[in-house]
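The opening position of the sequence shown corresponds to residue 37 in the working numbering, with each subsequent residue numbered one higher. Virtual Cβ for every residue (Gly too), placed ideally from N, Cα, C. Here the structure is a predicted model, which means the values were calculated and not measured. This report refers to the structure that appears directly beneath it.
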Amino acid sequence: MMGNHSPSESLFHYFRLEDQVPEDHLLRLIHRHVNFDFVRAKLKDRYSDTGRPSIDPELLLRMLLVGYLYGVTSERRLVEELRMHLAWRWFTRLGFDQEIPHHSTFSKNRHGRFQESNLFQELFEEIVTRCVQAGLVKGEHMSVDGSFVQANADHHSRVPREQLTEVAKVNRTVREYLAELEQENPVEPPVPQQDKVSITDPDSTYATKGGPARLGYYDNYLVDNASCVIVGVQATSARLSQESAAARDMIERYRERHGNLPETLAADTTYGNGELLQWLDDRGIAPYIRVKENPNGPTDLYGIEKFTYVPEENYYICPEGKPLKYVGINPHNRTHLYYSTVKRCRDCPQKSRCTRAKFRSLAIHTCEPARQRAYALAKTPEFAISQRARRKVEALFAELKNQIGLRRLRLRRMRFVREQFYLAAVAQNLKRLVRFLNKTAPQIATA
């Protein structure tokens, strides 16, 4: 017989949130393995000892983490969703009789205590430290990459730089931006000079990467290959030159906090410039990176391998035995220049295979030894293995944009963009940490 469900009209129900969250639920695993008490200790000096009690900062942090774990980056929507999700209420410790904080509370704390104390960077580094202590992060082989994330600003909001002073009279964002530029020791590094600046988000950069030009930022990740844990995060302007600088900064910060450097670093060709290869070589890090070549240079002519270097006299000998003399350094691309002469090359039988100019010249990078070592590493089996492992970084960026929902930023200005990148990385690392701890905990208990 077909049943007929009747809604219950009982006035009172016995209900316990604890019983409604499964034991293997992600939020329960995080609650079981990660303690967020350090948040109060970090912010203790930011609160007065007297006056009306504020909203618990740990509550606000837990709410933000829930949003990034489940792809709700809008605080207004997060507050609405929190009213209906039992597991979210349980994780944030909000009972049905307790009021949910207003969404504006996040903005007030973001511009004040959270920003002043670098809370989100501290949170990220604390989770990485726990990954290291748990044995999840080995720190031996790493990969680095950057991904373009669109800013919360339209390209039509750009105005010529010389008009900023006039716009600042009616636009507070531009007024604050110009005031920061005038500081002797600005908090943020200077944004690369642009002919036009967005009055909506002056820190954003007009750039293109795999599509039409848009305003945005680069989210840079340094990832441990073995665990797929993000061990370094840095927000930069959307400039390819910024990626190598971010890689150096993230590696140095990892060494300062954990006391060691990776043995190898994998990256795409964007990072294959001589300066970064030399920097890695000086620190004993094997660069599994393809060397970046001049995209406009001819590929069917003799390369440097056809020439013999004479270190005692500092010149090169061509395949026909004729010298190329040293003439100096090109300051634009940091290369040592070696020239032959028109007379030596005019009647050379190999001229058509050597140069299309009147005489042959060589531009040798100042970091050429490091470049040659990178060439050699690219021919080893380990290079292919590292390049396959590097794809994990791309998978993390796919997770960032498809699951966390950070295809387009919600906050503006570099300092708040950095906050979103840190919170997203924390959410990604937490998933891996608690699942790892949940697998290893029974083995430790029975040992």
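Given residue i as reference, the closest of the options once Cα atoms are compared
i, options, result
"L101", "H177, L62 and I91", "L62"
"E349", "R448, P359, R389 and K205", "P359"
"H121", "L155, Q56 and L159", "Q56"
"E404", "T416, F419, R427 and V327", "V327"
"R166", "H69, R197 and V108", "H69"
"Q386", "E329, A414, K342 and F419", "K342"
"G310", "A406, D383 and D285", "A406"
"P323", "V429, R409 and H401", "R409"
"E135", "A123, F127, K144 and L118", "L118"
"V363", "I400, K394, G357 and Y338", "I400"
"E54", "E111, R129, L114 and V173", "R129"
"S110", "E94, D92, S140 and I91", "S140"
"R396", "R427, T416 and Y338", "Y338"
"Q439", "Q314, F74 and Y106", "Y106"
"G494", "L445, S183 and A414", "Outside the shown range of the chain (37 to 483) lies residue 494, about which nothing can therefore be said."
"I266", "V164, L114 and H294", "V164"
"E176", "P355, I287, E299 and V429", "E299"
"R289", "S277, S273 and V269", "V269"
"Q157", "V206, L97, K144 and R125", "L97"
"E356", "C384, Q464 and A431", "C384"
"I321", "D336, L301 and L312", "L301"
"S388", "V346, R197, D336 and H368", "D336"
"D73", "E162, V378 and S90", "E162"
"R291", "Q314, M38, N207 and R319", "R319"
"K431", "A412, A420, Q464 and Y411", "According to the sequence shown, residue 431 is Ala rather than Lys. Selected option, being the one with the closest Cα: Q464."
"L313", "T416, K475, P196 and Y411", "Y411"
"K379", "P367, K394, H368 and N369", "K394"
Own chain residues within Cβ distance below 8 Å of residue i, not counting five before or after
i, result
"A271", "Y253, Y254, D255, N256, M450, V453, R454 and F457"
"N332", "Its pLDDT being 47, under 50, N332 is placed unreliably in this model, and the value from its coordinates should be taken loosely. Taken in chain order, the list of residues that qualify is empty."
"T344", "Y352 and I353"
"R448", "A187, N188, A189, T209, T236, D237, D239 and S240"
"L95", "T128, R129, L130 and P137"
"I365", "T371, H372, L373 and T402"
"L214", "L200, T201 and A204"
"L445", "V185, Q186, A187, N188, G252, Y253, V453 and Q456"
As assigned by DSSP and simplified to three states, the class of residue i
i, result
"G364", "strand"
"K205", "coil"
"L258", "strand"
"F127", "helix"
"S273", "strand"
"G295", "coil"
"M120", "coil"
"M178", "strand"
"A393", "coil"
"K232", "strand"
"N104", "Correcting the residue type first, residue 104 is Tyr in the shown sequence and not Asn. The answer is helix: DSSP assigns Y104 an H, G or I state."
"N332", "Reliability fails at N332, whose pLDDT of 47 lies under 50, so the model's placement of it is uncertain and the value that follows must be treated cautiously. In this structure, N332 counts as coil in the three-state DSSP scheme."
"S280", "helix"
"Y374", "strand"
"L172", "coil"
"I480", "Low per-residue confidence applies at I480: pLDDT is 40, beneath 50, and the placement is therefore not dependable, though the value from the model is reported in the following sentence. I480 falls in the helix class under three-state DSSP."
"V327", "coil"
"H138", "coil"
"E404", "helix"
"T344", "strand"
Residue i Cβ short of 8 Å to the ligand COA heavy atom set
i, result
"L214", "For the structure depicted, the ligand COA is absent and the ligand set is empty, with no information on it obtainable."
Cβ-Cβ separation, residue j to residue i (assumed contact under 8 Å), whole Å
i, j, result
"H191", "R275", "The pair is not a contact, with the Cβ atoms about 16 Å apart (cut-off 8 Å)."
"A461", "F160", "6 Å"
"S179", "V108", "The pair is not a contact, with the Cβ atoms about 29 Å apart (cut-off 8 Å)."
"C381", "T371", "Not a contact, Cβ separation roughly 20 Å."
"K428", "N261", "7 Å"
"Y307", "A281", "In fact, because the Cβ distance is near 11 Å, the residues do not count as touching under 8 Å."
"L473", "A77", "Actually they are not in contact, since the Cβ atoms of L473 and A77 sit about 22 Å apart, beyond 8 Å."
"V75", "P93", "6 Å"
"R468", "S263", "6 Å"
"L79", "R471", "With a Cβ gap of about 29 Å, L79 and R471 do not count as contacting."
Close beta carbons around residue i, own chain, < 7 Å, minus the five adjacent residues each side
i, result
"D304", "D181"
"A123", "V57, H61 and L63"
"S234", "A189, S193, R194, S240 and L251"
"N27", "The requested residue 27 does not occur in the structure, where the chain is confined to residues 37 to 483."
"A414", "R326"
"H67", "F127"
Close beta carbons around residue i, own chain, < 6 Å, minus the five adjacent residues each side
i, result
"F433", "S183"
"A243", "A274"
"M286", "L258, G268 and Q270"
"L436", "L442 and A460"
"E59", "none"
Uninterrupted alpha helix (DSSP H) stretches inside the stretch 417-459 (no shorter than 4 residues): Correct list: 417-438.
Every unbroken alpha helix (DSSP H) within the stretch 54-85, with a cutoff of 4 residues, ordered by chain: With a minimum length of 4 residues, the continuous alpha helix (DSSP H) runs that stay inside the stretch 54-85 are 62-69 and 74-79.
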